[in-house]
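Below is one structure; the comments refer to it alone.
Residue numbers (the working numbering), protein chains in the order written: chain A, 52 to 488; chain B, 104 to 1140.
If you want it as structure tokens, here you go:
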């Protein structure tokens, strides 16, 4: 009797297991959601847009991007002296260097987040999600996508354009690359959309109508569409909310800031660690330090490079690890307009000098006396060098203006765009390597 | 629903248990008794064998021998009777007795492994009848080695099992690989089962330790272990189904003995010290040499690329007075000082060990209690590993046919941690080794100096300044009830639990880089990980012999298992001062949480049949369902079959004196793998940890972002294993040879398939590869000399494994620097490098192999240059005993594996790293003038001499043969010890790692800063395994 009951209980347990197995094996994740429940109402639409900004701030413009572009610009020196830093400063990158795929994947990661918003938000039916808010969120996604494509274009030259979110890997295979000019056109198209959809208000750490216009001015400058660049810069500068602050100071939260990316204790600014005094990765080279500390050149901008007691040059751009990172500043718009005015088919040299001097004046350096177009352009180049001493501009500026060979000794124009990461070509053989790599 | 379900077996278990307790019966005494007397002694030493069990055949009478070896029965039995005497470590003996006088029975030590009982999955079998490839290691052979975890003690002991210790720091992870590596991204670790509990062997470390891992197996006290079995082939592992494909390590802990008249105590105390082999440590350039190299590089670079504007005038090491652009010189090379940091971080480490065991039992209850304490310092300051353990195993015969068995271990381990490579600011060894030697350790004002990217070494070694420590509190236990339903039919139900409370702490005070200005003052990070593996199993087994020749064993069972992980972290920065260390005192506080769960449900069965103990047949099947896999492929089925033929039993061999055993084994089967993959790997997921503000004033608001692509077809990785083996015993089994050859083929390999990053994702877990492993193993066990007093035996094993990726969608590269690549036709994770052919004696430039002959050095010129897997590996143990003395000598070896000397790559950088890293003395062999023949190129930051990270110059041969241990034991004569009431007193000394032969230029070819699977063999940031010396005493009473 007892034996039978034991046997029975065993069989019962086996049967019970079988019946319950299916549910037993369904285990839901605790801290992430499945694909189906993502962008479906007002709150989820807002969170998805924030996720795209976070990627822009913490991935796309992270410390690796700043380091590589600053080192390429020739005025900043690496204290880590990593082998890849040598490859960078010698303009001798190879396609198997790790940071290249980081830039590539960060860019597309941000783009995929934006594409999700652009595709899904317009389809949401939620009474609380007003048309105005819908437009704003989609407009922001267009802006983020434009900025990401612009960066991919200036870094890699030839990249693929995707305008829909990824559902399966196959979505993105076998698409050939677009040339840099085509990528810039895509950025302009997205910015036009953004400018149309975004509200005309001032928010300095999110994209609004004038933020899109300001970025469009920069892209036009890269495209050498000077009249358009000038017009867009003027649109922004005519708004009293965007003006230079005097004396020169870090721009975060001020009228100088057109777009800054925000950080918090939970998502810190990795750029801080680059210049942080006790564990620095980068320092201004002695030559740049001298320029910044020359009262006729750097003027008030000397705060960007300060020699400490042991004679080290400390780069002063991010005072804390939650300090904002600058993407667009009013000073840049002045210098964009100055360059555009000097370069446009009917040059406005006086206007160019005015804009250049606006930037010089607020840093308390003597106004330029340049008169000829060439001298004005050289003045603008010199001004950008000190004004954006610690921001990732100079490499792109020298390449854009064809001056990289003369200034940096980077004589091989094939090296002006980075190689397509080897691992990407491995994953998608339809990608072509850039010439020379 | 799940809760309800697990309740069912649990409730049933309790009810059955209670019923059993109530039906426990007692037996009554008999009359007309007589006395039967005797004594049990060791056949060789004539020492009494206390605790030997004497059983009268055909009865239930059983007693244990007393301290003097004597035993006594008061029984109704009459002579002639037959005694069956059993004793652990001795051959079981049957003796027929015809008189009532005292008899002396001598037991022979059982060193004939063919008579062993070995554990197979869910049961035990006589070695004779085993069909699969199983290696058994008796714990007594290895347990005194000064390594914290038992897995490290297996090195050189088991054929087919590759064991490497990555670091000289105790308590860190050890590599254990059974028959090669089959998996690309799922785990390659074997499955560990301790007393039937599937224990966690994945590091629970969450804090930044570089790429090092702690070993959860170090929680377990090796002294508690009775034996370890390694299951290797399909017939042995397939019963473990989805988790068996990497091999299974079964650990059995010590149990008590029934019918002991009084408990047996054992005490083991040892102490010793360890020290790095100074002769093999890194040799650095002195301060003046460092400066000279940097200047030379500076000037050469200026010549190579004039736009750098580098020349003799502005060289970095120039007189202090020569100020250029506001920068003073650092002083001429010859003015530089030399500071030795290695000596400040390396030390002579102390080891203390203490184990006390008690075992005993009455007629119905047996128990074993073990308590242990280990305190082991690392040679790298301030690393320390401390473990306290308590083990309590007992078995109760609740009724004649019901046994309740309980195994419990409680472990507390403390680790004072050191950081590995990735956490630069606090990497303990790197802060000493990679810090330029010319930079002072203290500033002129006496404050700790930080010249390079590293933390000051004295700050790191002072636990008041930097304190990284972990505490693990762990319980591993299994409770079961077993019923004998009818003769041969047994039912067993069990509940097992592995619970680990793992608490980590990091603290950096305001003097450090992490906790110092401009960061907020002080940094504290606490992580609490709660890890639970719960399992419930039912087993039904039936054992019957028909017509004396047909023996059948049938096993049926089911099992469910749930694994829960809950990680909670809190971080604080900005403390009022260094006296405040609690996070609540910090001005900036952040926290995070991660929870995850997986479940597994299984059904399994096995049939064993043997004919006349000559032909053995075995077949098994397991079905596993896992929550980790896609709904389309949740269940996996794993069958296996095996056959063995004891040729010795055939008439033509039975009488042969020379061949004492000859057995042929063959098996084939399928096992799976799902370990090491994310609990929700098949899902498309969005993460919530991406907040961003809506404006400048509102603060961060929640955000979401996609982070994992869905793969509903995700399924089991499956490995088919073919095995053929031969067991030979010669010369009365004085020479035993085990040979196994195998072929393992893995399909549906789980791997992170690189997807184009343009998708927005980096990789997706997919079943996208096939991998093969083939090889052979030879185990040889020989009693070379067996005299009256002197005995010499040798155990030797050799294993060969060839690993090959057979199918991949595209090659896969690994690591940020992409040193490794998995490509069809080559071993997993093969080194993928630019091959430096030589240094041009005329120019001093490194010449690389231009594979595609395009005159340029591009990625296309990289080639696979060997792997971290050895061609051959194994061990040789020689054991010599003379009277009370015993000498045991263990060599381990491996051959053909490659090691990337990452320290050399960083420190032989031609001076291009200037003030950020030290320079190895070998850099002085650089090319300097035309005609110099060297493989160290001219120092310059321009060109390829020092700008190729993946340069084959840093890849070295990692082959070695190492004198792992020498143990000298002396057992005091029993005539002496018995006078003071002791059974046995044993003194021993042990020396470890005293000799190594290797071409590797780093301190230890086994070192690896990376413990990531298939990516070890990267020597950085880790101290070598030290030389050690220990002395101890074991007392039994």
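Even for Gly, the Cβ is constructed at its ideal location relative to N, Cα and C.
Source: prediction; values computed, not measured.
Since residue i and residue j are thought to touch, with beta carbons under 8 Å apart, how far apart are those beta carbons, to the nearest angstrom?
{"i": "residue 608/B", "j": "residue 572/B", "result": "5 Å"}
{"i": "residue 290/A", "j": "residue 112/A", "result": "So it is not a contact: roughly 24 Å between Cβ atoms."}
{"i": "residue 932/B", "j": "residue 902/B", "result": "The Cβ separation is near 19 Å, so there is no contact."}
{"i": "residue 318/B", "j": "residue 275/B", "result": "6 Å"}
{"i": "residue 249/A", "j": "residue 191/A", "result": "7 Å"}
{"i": "residue 924/B", "j": "residue 912/B", "result": "Residue 924/B to residue 912/B, Cβ: 14 Å. No contact."}
{"i": "residue 186/B", "j": "residue 159/B", "result": "6 Å"}
From the DSSP output, read off the bridge partner residues of residue i.
{"i": "residue 663/B", "result": "639/B, 704/B"}
{"i": "residue 280/B", "result": "265/B"}
{"i": "residue 668/B", "result": "634/B, 699/B"}
{"i": "residue 102/A", "result": "Paired residue(s): none; residue 102/A is not in a bridge."}
{"i": "residue 783/B", "result": "Answer by DSSP bridge pairing: none, since residue 783/B is not bridged."}
Just to confirm, are residue i and residue j a CB contact at a threshold of 8 Å?
{"i": "residue 290/B", "j": "residue 1125/B", "result": "no"}
{"i": "residue 483/B", "j": "residue 461/B", "result": "no"}
{"i": "residue 110/A", "j": "residue 157/A", "result": "yes"}
{"i": "residue 402/B", "j": "residue 418/B", "result": "yes"}
{"i": "residue 876/B", "j": "residue 847/B", "result": "yes"}
{"i": "residue 744/B", "j": "residue 772/B", "result": "yes"}
{"i": "residue 937/B", "j": "residue 1055/B", "result": "yes"}
{"i": "residue 130/A", "j": "residue 1019/B", "result": "yes"}
{"i": "residue 296/A", "j": "residue 302/A", "result": "yes"}
{"i": "residue 252/B", "j": "residue 277/B", "result": "yes"}
Would you say residue i lies against chain A (beta-carbon separation less than 8 Å)?
{"i": "residue 582/B", "result": "no"}
{"i": "residue 541/B", "result": "no"}
{"i": "residue 708/B", "result": "no"}
{"i": "residue 120/B", "result": "Residue confidence is low: residue 120/B scores 41 on pLDDT, short of 50, so the model does not pin down where it sits. Its coordinate-derived value is still stated next. No, its Cβ sits nowhere closer than 8 Å to a Cβ of chain A."}
{"i": "residue 798/B", "result": "yes"}
{"i": "residue 1161/B", "result": "Absent from the structure is residue 1161/B, since the part of chain B shown begins at 104 and ends at 1140."}
{"i": "residue 644/B", "result": "no"}
{"i": "residue 700/B", "result": "yes"}
For a cutoff of 8 Å on Cβ pairs, would you count residue i as touching chain B?
{"i": "residue 491/A", "result": "With chain A covering 52 to 488 only, the question about residue 491/A has no answer from this structure."}
{"i": "residue 149/A", "result": "yes"}
{"i": "residue 162/A", "result": "yes"}
{"i": "residue 146/A", "result": "yes"}
{"i": "residue 105/A", "result": "yes"}
For the stretch 226-257 of chain A, list every residue whose C-beta sits within 9 Å of some C-beta in chain B, in sequence order. 226, 254, 255, 256, 257
In the stretch 190-219 of chain A, which residues sit with their C-beta less than 9 Å from some C-beta in chain B, listed in chain order? 210, 211, 213, 216, 217, 218, 219
Going along the chain, which residues of the stretch 779-796 of chain B sit with their C-beta nearer than 9 Å to a C-beta in chain A? 782, 783, 786, 787, 788, 789, 790, 791, 792, 793, 794, 795, 796
Tell me which residues of the stretch 313-331 of chain A have at least one Cβ-Cβ distance to chain B shorter than 7 Å, keeping chain order. 313, 315, 316, 317, 318, 327, 328, 329, 330
Using Cβ-Cβ distances below 7 Å, what residues of the stretch 898-926 of chain B are close to chain A? 913, 914, 916, 919, 920, 921
Going along the stretch 864-898 of chain B in order, which residues come within less than 8 Å of chain A, judged by CB to CB distance? 864, 865, 867
Using a Cβ cut-off of 7 Å, which residues of the stretch 1009-1020 of chain B contact any Cβ in chain A, in chain order? Here the close residues are 1015, 1016, 1017, 1019.
Which residues of the stretch 490-502 of chain B have a Cβ closer than 8 Å to any Cβ of chain A? Give them in chain order. Correct list: empty, as no residue qualifies.
Please name the residues in the stretch 1036-1052 of chain B whose beta-carbon is closer than 9 Å to at least one beta-carbon of chain A, in chain order. 1044, 1045, 1046, 1047, 1049, 1050, 1051, 1052
If the cut-off is 8 Å on Cβ atoms, which residues from the stretch 444-461 of chain A count as contacting chain B, listed in chain order? Taking a C-beta cut-off of 8 Å against chain B, the contacting residues of the stretch 444-461 of chain A are 459, 460, listed in chain order.
Members of the stretch 951-968 of chain B that neighbour chain A once the beta carbon cut-off is set at 8 Å: 960, 961, 962, 965
Short of 8 Å Cβ to Cβ, which residues in the stretch 560-586 of chain B face chain A? 586
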